[in-house]
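81 is the number of the first residue of the sequence shown in the numbering used here; add one for each residue after it. Notes follow the structure.
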Amino acid sequence: MCSPFPPGRSVKTALLLATVPTLSSPHFLAPAIIAAATEAQNRLVIVLFSRLFNDRGSRWDDVHDLLSFVYVQATKVAQDLGKILLHVDVVLRGMHASVPDIEDGVDKVFRVRGDAIAAELPLSLATVRQTYVQRDEDVVVGIEPSSPTEGTKPTLYPVVALGGTFDHLHAGHKILLSMALWITGEKIIVGVTDDALLKNKSNKDVLENITTRKYHVRQFMELFVPGLVYDVVSINDVYGPTGSDPNIQALVVSHETLSGAHAIASHRESHSLPALKPFVIDVISHNSSKLDPSDLQMIKDTKISSTFIREWIVNQEQTVS
């Protein structure tokens, strides 16, 4: 019998679809993540479905730890295979949400054997090769227990701001952006450091220009949470729009940029601007008490930084020449 799918070919873009019943680190997905990250050559999009994602704005720490686990799993596989520039995107969707459209198409879809996804697959994936990967049977998958807070309205802020360089957009950046989007109700403002302020960066010759960096930030945000207002602006100081915009309610920063948050708070107070609700995250945390020792070690072993990526690019260019 002839296969309805096209013959085997290289997988430039892979799509992994799976459901998660809890917000605990999804160890049972590890085989599927490894398989998809191994075959993907240019891009891997991981879409996780759960009733716990039906409403954004709650379970901040749990969502952060889940994203960190999945990103580190996929990034570690890619790095071990020398695919430092593999683009990995993790998207969270409610149980009955649609599968997002993937720009430039998908070459192969990965699923978890026995996993039932409520969302109807788009027609564009009907003829795409599919592989079913056995889940890790040694991992017991539970069901999220009900809690006293279940059913309460999540906390969303109409306007949320954050900033950064966002060079060679990687897992750390995407977790930062994802967590900001997780609490955004209407509009997100992202300040991207202008080229003029980056002259002292290491390996600046391979640093992406401001136009490219802003484009990648916007592209990811539109994928993670469609339908918001995205204001991606160039900034020439630590404040950016937070220095003058009275309509911003929340500010998302990493521990590395916490000093900037303090400066913004002082500036807004001195200019009679409303105080911002600060949200501080570890972009990739190896100190979380919720992660087991193997996860912590994997995070420590995975190099996730723009500096590392630029060094790798320069080394590759020197090797070729």
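Beta carbons are placed, not taken as given, at the ideal position from N, Cα and C, and that holds for glycine. These numbers were taken from a predicted model, which means no experiment stands behind them.
Mapping the DSSP letters down to three states, classify residue i as helix, strand or coil.
i, result
"S334", "strand"
"S226", "Low per-residue confidence applies at S226: pLDDT is 46, beneath 50, and the placement is therefore not dependable, though the value from the model is reported in the following sentence. Reduced to three states, the DSSP call for S226 is coil."
"E391", "helix"
"V186", "coil"
"E397", "helix"
"V309", "strand"
"D160", "helix"
"H366", "At H366 the pLDDT is 40, less than 50, meaning the model places this residue with poor confidence; the figure from the coordinates comes in the next sentence. Looking at H366 - three-state DSSP - the assignment turns out to be coil, as it is neither helix nor strand."
"R348", "helix"
"V192", "strand"
"P238", "strand"
"S314", "strand"
"Q153", "helix"
"A98", "strand"
"K92", "coil"
"V179", "coil"
"E266", "strand"
"I126", "strand"
"S385", "coil"
Just to check my reading of the structure: residue i and residue j have Cβ atoms closer than 8 Å, yes? What is that Cβ distance to the nearest angstrom?
i, j, result
"A120", "L172", "Rounded, the Cβ-Cβ distance is 19 Å, inconsistent with contact."
"A345", "L356", "7 Å"
"S130", "P101", "7 Å"
"F149", "P106", "7 Å"
"N327", "V192", "Their Cβ separation, rounded to whole angstroms, is 43 Å, which puts N327 and V192 out of contact at 8 Å."
"I384", "V313", "Their Cβ separation, rounded to whole angstroms, is 25 Å, which puts I384 and V313 out of contact at 8 Å."
"L103", "L132", "6 Å"
"L96", "L124", "7 Å"
Buried or exposed: where does residue i fall if 16 or more other Cβ atoms within 10 Å of its Cβ makes it buried?
i, result
"K188", "buried"
"Q214", "exposed"
"H253", "buried"
"E288", "buried"
"T337", "buried"
"S352", "exposed"
Measure the CB-CB distance between residue i and residue j and report whether it falls below 9 Å.
i, j, result
"V186", "T93", "yes"
"Q210", "F190", "yes"
"P321", "A241", "yes"
"V170", "L128", "yes"
"I126", "V157", "no"
"L257", "V309", "no"
"G340", "V318", "yes"
"A154", "A206", "no"
"I315", "Y151", "no"
"R348", "G307", "no"
For the ligand HEM, any of its heavy atoms closer than 8 Å to the Cβ of residue i?
i, result
"I344", "Because no ligand of any kind appears in the structure shown, any question about the ligand HEM cannot be addressed here."
Original post:
Would you call the segment 270-280 and the segment 237-250 touching, i.e. three or more CB-CB distances under 8 Å?
Top reply: yes
**OP:** May I ask you to verify whether the segment 331-339 touches the segment 283-292, counting CB pairs closer than 8 Å and requiring at least 3?
**Re:** no
**OP:** Could you say if the segment 173-182 and the segment 194-214 meet the contact criterion of at least three C-beta pairs nearer than 8 Å?
**Re:** yes
Original post:
Is there contact here, the segment 139-154 with the segment 252-270, by at least three beta-carbon pairs under 8 Å?
Top reply: yes
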